[in-house]
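Participant:
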Amino acid sequence: MALTVAGRIAELARLDDLLDDGLDEPRSVLISGAPGIGKTTLLRSATQSARDRGYTVAHCQPSRAESELSYAGLVTLIGELGSQSLGSLPPPQARVLRTVARLEESPEPVDRLSLYLATVALVRTVALRAPLLLAVDDVQWLDQPSGRSLAFLVRRLTGSRVRLLLVRGATAGAAEDLDWSVELARSMPEGRHDGIDLGPVDPGDLSRILRRALGWSPSWPRVMRIAELSQGNPLHAVELTRAFGAVRSAEGLDGPVPDGVLELARSRIAGLPADVRGVLELASVPRLPSVGLLAHLDPAALDLRESLEVAVGQDIVTLDGRGRVRFTHPTLVAAAYASIAPERRRALHRTMALLSDDLEERARHLATASVGPDAQVAVALEGAAEQAWRRGAPDAAADLLREACRLTPAGDGEALALRRIAFGRLLHSAGDVPAASAVLEAVVADLPAGPVRAVALFHLMYVARLAGSLERAVGYGVQAVDEAGGDGLFRAEVLELLSRISDNDIARKLGTAQRALAAVEEVRHPDPEVVFHVRAALVEAEFYAGLGVRLDRLDGLDPGTRTRFPPVRTAARGDDLVGRLLAYEGRIDEGLALLRGMYERASVQNRAVLPAVLGWMADAELSAGRFEAARDLTREAADRAVEIGKDDAPPWEVGLHALALARLGALDEAEETARRVDDPAAPGGAVGLDGAPARLALGVVALARGDAAEAVVQLRALDELKRSSGIREPRVCAHAGDLVESLLAAGDLVGAAEVLGRLDDEGATSGGRSTLAVAARGHAMLLAARGDVAGATAAAERSLELLRELPMPFERGRTLLVLGQVRRRRREKRAARESLHQALEIFEAVRTPDWAARARAELDRVPEHRSDAELTVTEERVARLAAEGLTNQEIAERAFLSPKTVEVNLTRVYRKLGVRRAALAARLAEQSVGNRAKQ
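One rule links them: number in the working numbering = place in the sequence shown (from 1) + 966.
1) According to the neighbour-count rule (16 or more other Cβ atoms, all chains shown, within 10 Å of its Cβ), is T1853 buried or exposed?
2) Leaving aside the five residues before and after L1520 along the sequence, list all residues of the same chain whose C-beta is less than 8 Å from its C-beta, in chain order.
3) Please state whether DSSP places T1873 in a helix, a strand or coil.
4) From which residue to which residue does the alpha helix (DSSP H) around G1161 run?
5) What is the C-beta distance between L1684 and L1662, in whole angstroms, given that I count them as a contact (C-beta under 8 Å)?
6) Measuring CB atoms only, is the segment 1686-1696 touching the segment 1506-1513, in the sense that at least three cross pairs come out at less than 8 Å?
7) Can you look up F1293 in the DSSP assignment and give me helix, strand or coil?
8) When DSSP builds the beta bridges, which residues end up paired with T1100?
9) On the criterion of 16 or more Cβ atoms from any shown chain inside 10 Å, does L1886 qualify as buried, or is it exposed?
10) If we cut at 9 Å on Cβ distances, does K1878 have a partner in chain C?
11) State the start and end residues of the unbroken beta strand (DSSP E) segment that holds I997.
12) Going straight from the alpha carbon of S1708 to that of G1170, what length do you get?
13) Suppose you measure from the CA of L1464 to the CA of T1284; what does that come to, to the nearest Å?
14) Does the segment 1403-1421 come close enough to the segment 1378-1387 that 3 or more CB-CB pairs lie under 8 Å?
15) With DSSP as the reference, label H1284 as helix, strand or coil.
16) What is the residue span of the alpha helix (DSSP H) that S1273 lies within?
17) Please classify V1716 as buried or exposed, where buried requires at least 16 neighbouring CB atoms within 10 angstroms.
18) DSSP three-state call for S939: helix, strand or coil?
19) Quick check on I1235: buried or exposed, where buried means 16 or more other Cβ atoms within 10 Å of its Cβ?
20) Using 9 Å as the threshold, is the C-beta distance between P1492 and P1525 below it?
21) With H, G and I counted as helix, E and B as strand and the rest as coil, what does DSSP make of V1812?
22) For a test of the three-state rule: what should DSSP assign to P1111, helix, strand or coil?
23) So the alpha helix (DSSP H) A1433 belongs to, where does it begin and stop?
24) For R1127, count neighbouring C-beta atoms within 10 Å of its own C-beta (all shown protein chains included) and say buried if the count is 16 or more, exposed if not.
25) Decide if the segment 1191-1207 is in contact with the segment 1369-1380; the criterion is three or more beta carbon pairs, one per stretch, under 8 Å apart.
26) Taking buried to mean at least 16 other C-beta atoms within 10 Å of its own C-beta, is H1262 buried or exposed?
27) Helix, strand or coil for E1142, going by three-state DSSP, please let me know.
28) Whole-angstrom Cβ separation of F1776 and T1737, contact assumed at under 8 Å?
29) By Cβ distance, which residues of its chain are closer than 8 Å to R1438, with the 5 residues on each side in sequence left out?
30) Identify the continuous alpha helix (DSSP H) that holds I1467 and give its terminal residues.
31) With DSSP collapsed to three states, give me the class of H1491.
32) Looking at the secondary structure, which residues open and close the alpha helix (DSSP H) in which W1182 lies?
33) Note the first and the last residue of the continuous alpha helix (DSSP H) segment covering Y1550.
34) Give me the Cα-Cα distance between R1481 and E1459, rounded to the nearest whole angstrom.
35) Does the segment 1841-1857 touch the segment 1809-1827, meaning 3 or more C-beta pairs lie closer than 8 Å?
36) Going by DSSP, what residue range makes up the alpha helix (DSSP H) through R1601?
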């Protein structure tokens, strides 16, 4: 079974360090851990990584049966190193190795020292050609002769780049002297051996492993349960999932574990004396059992401690000095609990409810002891669910609310409906989107029109939108407004959320935000939280309508810190909106800080929103020209989407992933990714506005391939999609710069002028500096195409000035490229080369190979005539910043360069001026005086 490496970032980093170590000295790493924990998977990943790095890899995996065969492991390694290597050895050494490898017969017995020396010679020969990795899986079963020969070898590899990777499994049944990992570790030079002890995998990574191993993964609450039962062991989790995890809903999380998993545990407990079994049954009921608690739970139980000591001796429980009892594995708890008779079990739970001082634990015991609906128990469960949710356990809260619904009397219809609504929202918070949608849809279907159904529709609107169903979400919202009744505050909230999701109809977005504000102003003492979010919805609507970023409208508004139950929103202080708007304004890192905070909060409170938050973060990283970061964020967004039960990743995030790939030059992969979202044959795209980034990615790919006509098709479709939605803010899915360039490349100057005219108007209204900078660059290109190179130069320089204070190096590089082209046409060769050099440095720093190639091509068209001692503009700028005392990192940030580029330029400066950093300021001053004297 090929399990993918997940959740092993630190371990992979240590293996990368092993492989990237450039010292010509041997080095080893030992991987150990429980069976099924992923040792072999990690080893296989490392061997493939070694091959990718140019290593020669020799690998063997001895078995218990082979442990008694002499040289079985060594023979495998010799075979892996290849017969060609044997041919390069002196004939006597080659003959010894061929004899041991059974490649030829020899009448003479093999001398062990000759064999050892021949092995050293073979390994050194191979390591001279390329670094060598020797990998041994299940080293505890390595036969003794092979183990000794490897220990001899390791001690004699000084001056060779040989790496040894060992995996040690469970040693039950293996003699101590067969575990060669200790001896091989001792043979390494001091400080050249490392150990990796693999622990459990966390639930998120376990979910990824299950998807790769089985082709699917259970819902998040069920993954959490499987993680608990398997103790984070991937192989155990896979087997549990086959039997236990196939149902997507959260039903039965506390039900019995499948028989196959419990069989061993049941047989162990069944073989114990009756009094020991009885005490273990008692101990399986409380969450935190202790000797004192068990005595209160069943005062008639005799010899509690003696019985527990027997169970301790059988490795079923542990007993600490304070009398606390712990089962050694969750399956043992389940086995003990399953053996309790039903009536006794209910009685024990009733007693535990009286003994427990924890609300959640007491409610669970009451629910288990109940045999039918009970209004008081349902109330207790609802209170416990709220407590669990506030503790950051939405999955536990959802389980409690499920029980509350089950135990609510049929005659209490409104209470049951509200609990079902809360249950649906908590399933969503726990990360089970399909189940949440199903529960809320069922509530809506069961209720008559009115305020209670409006509450269900309100929550269903939120869930549906995050599930990617924009049109259905809007429909639910419109219906909720109609049924909200006379509660002005609730009506305002419904309108606010409807406005927030109406990105496909800006007239509705703006209109409903204004209606929400009017509704909240009619309330005598409105909730400050609702007032804040209604105002935030209006700020967002005005932004999309092209009226600029007006975050000042939120000044003085305090939403407070109160969190309602069931949850209404994850963004406590509008940090989703504020973070995105800050990024659009060019305050990208400020915006990202808010979004990261929301991500951390959502990881605990509402996992279902994680794909959206990651998409917003990726959008900001794209603006900052950090395309690799954007690619990684959107890749994670896709993983999170599948994790919460979506069959496909959200189209917006997939489109952003395609766009990041396109900028990074992975054009084929970008196109394939984008076309999974956006069907070019469908008018406006298959998924409407959510497909906008995919459209943009297709346009960028076509432009990079030189297919201007196709780029125009894709980008015009995106332009029409945005305009038909009423979006007048150019910074939303910014496409205008690429569209203008595509039109000019296609020779459509009239079309380019039309787009630029609209961009000028929208930029003036919205006030976005980045929009105005892109428009100025577009005008420079258009003027150059018309032959007005002087006007083009001025426009390009204006674009640079607008970009000066914005952390958008990629956009700055594009403008510098245009400026270099225009200066070349004006025969300003030196200035042209400087602009193009700066553009190239930026494109290389942000890793956009297609744009870097364009900059190099332009540089090739400008001959260079300069004294070898003359500083370039970039070198001079870097030198003067260094002379001011700035560090290389500070220079990089100030000059929009990478630290490596700064280092390269300073090296050239030192060489040309013949000074080091300390004397740089004085030398530059001398040079300035000399230049003025020449003038």
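In this text, a Cβ means the ideal position worked out from N, Cα and C, and glycines have one as well.
Facilitator: Short version:
1) Locating residue 1853 in the sequence shown gives position 887, counting from the first residue. Classification for T1853: exposed.
2) For the purposes of this step, residue 1520 is taken as residue 554 along the sequence shown, with counting starting at 1. Taken in chain order, the residues that qualify are F1498, R1501, A1502, V1505, G1540 and V1544.
3) For the purposes of this step, residue 1873 is taken as the residue at position 907 of the sequence shown. T1873 falls in the helix class under three-state DSSP.
4) In the sequence shown, the residue the question calls residue 1161 occupies position 195. No alpha helix (DSSP H) holds G1161; the beta strand (DSSP E) holding it covers H1159 to D1163.
5) As a working mapping, residue 1684 is identified with position 718 in the sequence shown. As a working mapping, residue 1662 is identified with position 696 in the sequence shown. Yes, L1684 and L1662 are in contact; Cβ-Cβ is about 6 Å, under 8 Å.
6) yes
7) Against the sequence shown, residue 1293 aligns to sequence position 327. Three-state DSSP puts F1293 in a strand.
8) The residue labelled residue 1100 in the question sits at position 134 within the sequence shown. It is Leu, not Thr, that sits at residue 1100 in the sequence shown. Answer by DSSP bridge pairing, in chain order: A1024 and L1130.
9) Position 920 of the sequence shown, counted from the start, is the residue given in the question as residue 1886. With 16 or more Cβ atoms within 10 Å of its Cβ, L1886 is classed as buried.
10) Of the protein chains in the structure, only one exists, and it is not chain C.
11) As a working mapping, residue 997 is identified with position 31 in the sequence shown. Unbroken beta strand (DSSP E) run through I997: R993 to S998.
12) Translated into positions along the sequence shown, residue 1708 becomes position 742. Translated into positions along the sequence shown, residue 1170 becomes position 204. If you take the alpha carbons of S1708 and G1170, they lie about 42 Å apart.
13) Numbered from 1 along the sequence shown, position 498 holds the residue referred to as residue 1464. Numbered from 1 along the sequence shown, position 318 holds the residue referred to as residue 1284. C-alpha separation (whole angstroms): 55 Å.
14) yes
15) The count along the sequence shown starts at 1 and reaches residue 1284 at position 318. Reading off the sequence shown, one finds Thr at residue 1284, where the question assumed His. The answer is strand: DSSP assigns T1284 an E or B state.
16) By 1-based counting over the sequence shown, the position of residue 1273 is 307. S1273 -> alpha helix (DSSP H) spans L1270 to G1279.
17) Along the sequence shown, read from residue 1 onward, the residue named residue 1716 stands at position 750. By the neighbour-count rule (16 or more Cβ atoms within 10 Å), V1716 is not buried but exposed.
18) In the structure displayed, the chain extends from 967 to 1901; residue 939 sits before or after that span and is not available.
19) On the sequence shown, residue 1235 is found 269 positions in, with the first residue counted as 1. Per the 10 Å Cβ criterion, buried.
20) Reading the sequence shown from its first residue, position 526 is the one you call residue 1492. Reading the sequence shown from its first residue, position 559 is the one you call residue 1525. Against a cut-off of 9 Å, the Cβ pair of P1525 and P1492 comes out as no contact.
21) As a first step, residue 1812 is located in the sequence shown; it is residue number 846 there, counting from the start. Note: V1812 maps to coil in three-state DSSP.
22) As a first step, residue 1111 must be located in the sequence shown, where it is residue number 145. P1111: helix per DSSP, three-state reduction.
23) Here residue 1433 corresponds to residue number 467 of the sequence shown, with the count starting at 1. From DSSP, A1433 is part of no alpha helix (DSSP H); its letter is neither H nor E.
24) Position 161 of the sequence shown, counting from 1, holds the residue named residue 1127. When all chains shown are included, R1127 counts as buried.
25) no
26) By one-based count along the sequence shown, residue 1262 stands at place 296. By the 10 Å Cβ count, H1262 comes out exposed.
27) The sequence position of residue 1142 within the sequence shown is 176, counting from 1. Bear in mind that a pLDDT of 42 at E1142, under 50, signals an unreliable position, so the number given afterwards is only what the model happens to contain. Three-state result, E1142: helix.
28) The count along the sequence shown starts at 1 and reaches residue 1776 at position 810. The count along the sequence shown starts at 1 and reaches residue 1737 at position 771. Not confirmed; about 15 Å, so no contact.
29) Here residue 1438 is taken as the residue at index 472 of the sequence shown, counted from 1. Cβ neighbours of R1438 beyond the five flanking positions: A1430.
30) On the sequence shown, position 501 is the one that residue 1467 refers to. Its alpha helix (DSSP H) spans residues G1454 to I1467.
31) Position 525 of the sequence shown, counting from 1, holds the residue named residue 1491. Note: H1491 maps to coil in three-state DSSP.
32) Against the sequence shown, residue 1182 aligns to sequence position 216. Note, W1182: premise wrong, no alpha helix (DSSP H); not H, not E.
33) Within the sequence shown, numbered from 1, the residue matching residue 1550 stands at position 584. Element bounds for Y1550: D1541 to Y1550.
34) As a working note, residue 1481 is residue 515 in the sequence shown. As a working note, residue 1459 is residue 493 in the sequence shown. If you take the alpha carbons of R1481 and E1459, they lie about 10 Å apart.
35) no
36) As a working note, residue 1601 is residue 635 in the sequence shown. That run of the alpha helix (DSSP H) goes F1593 to E1609.
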